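Its first residue numbered 48, the sequence shown is counted upward by one per residue in our numbering.
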Amino acid sequence: MNTEMPAPLDEVVEPKKVSFRDVKSDPGFLVAKGRFQGSDVDRKSAEKHHVKKLASAVFMAMTNHGYASIRAVGPFANYNALKAITIATGYCAPKGIDLCWTSAFDEGNLGQLRQDGHVDTVTAMLYTVKGYKEWSEEDDDE
């Protein structure tokens with residue numbers, strides 16, 4: 048039982064800031080893309096293909112590393128990331144992996160955009176996906 052008292056309302060708790068990661072330093076790191084260019088038919092097809100690829104990448108990261116981290120910048124990228132996590136749940140279910148995820152803010156720069164002077168920093172959403180095993184109290188008593 049948790050006996051810790053929550054922080055008073057007048058005390059502000061700052062979220063932990065995480066620096067931007069990349070594939071080299073984090074093997075479970077993935078990036079969700081937002082809206083694609085082209086006509087409506089081409090754009091929808093490209094987005095659908097991207098979401099399926101991202102879901103497969105989440106599944107592979109879960110089976111190989113036990114976790115996946117997805118960074119998304121913008122509303123369409125967040126929408127695609129959540130769709131991919133939902134699809135990946137279906138991919139992982141036959142293997143007995145149940146997915147749970149948390150979200151956090153991720154701040155940093157986007158390389159070329161910063162060098163060109165467009166933006167200084169970018170706030171992104173970072174979705175951390177992990178698996179958990181179902182358990183019951185009956186199993187613990189045995």
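For glycine and all other residues, C-beta sits at the position ideal for the given N, C-alpha and C. Quick caveat: nothing in here was measured; it's all calculated off a predicted structure.
Three-state class that DSSP yields for G137 in the structure shown: Here G137 sits in helix by DSSP.
R118 - DSSP class collapsed to helix/strand/coil: Strand.
Sheet register partners of E94 (DSSP bridge): Answer is none; E94 lacks a bridge partner.
Range covered by the beta strand (DSSP E) that runs through F76: Here the beta strand (DSSP E) through F76 covers F76 to A79.
Closest Cα partner of Y174 within the set V105, S86, Q84 and Y138: When each option's Cα is compared against that of Y174, the closest is V105.
S116, buried or exposed, once every other Cβ within 10 Å from all chains shown has been counted against 16: In this structure S116 is buried. Its beta-carbon is surrounded by 16 or more other beta-carbon atoms within 10 angstroms.
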